[in-house]
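Remember, my numbering sits 253 above the position in the sequence shown when you count from 1. C-beta atoms are modelled at their ideal positions from N, C-alpha and C, and glycine is treated no differently. Keep in mind the model is a prediction, meaning the values are calculated, not measured.
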Amino acid sequence: MNKIIYSIYMANDKYILFAFLIFIILFMSYWNTHKIEQNSKDLESFTSYYNSIYNETARNCRYLNRDVKEYFDSKISGITDNFGKKKK
C-alpha cells in the first residue's frame, strides 16, 4: 500500500515539475515580448505577435536544452573521469 501511495506521489511530483517548467518558458516568452512592446508603444498584429511568442519560446527551449545537456555532460564526465584513473 505504501509503495502505491509513494508512486502516486512521485508521479504527481513529476507533473508538477513539468508544469512549472512550461510555465517558466511561457512566462519568459511573454516577458521578453512585452518588454519590447512597452518601449515602442505600438500594437502588433496577431501574426507578428504570434511569431514573436513562437520565436522567444523556441529560443528559450534551445537555451534550456543546451544548458541541461551541459549540466548532465559535466556531471557524467566528472563521474567517469574517476573510473579510468589509477590511484597513485
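Residue burial classification, GLU309 (beta-carbon count within 10 angstroms, cutoff 16): buried
Test item: CB-CB of MET281 and ASN318 under 8 Å: no
Distance between ASN304 and TYR316 (C-alpha atoms, nearest Å): 18 Å
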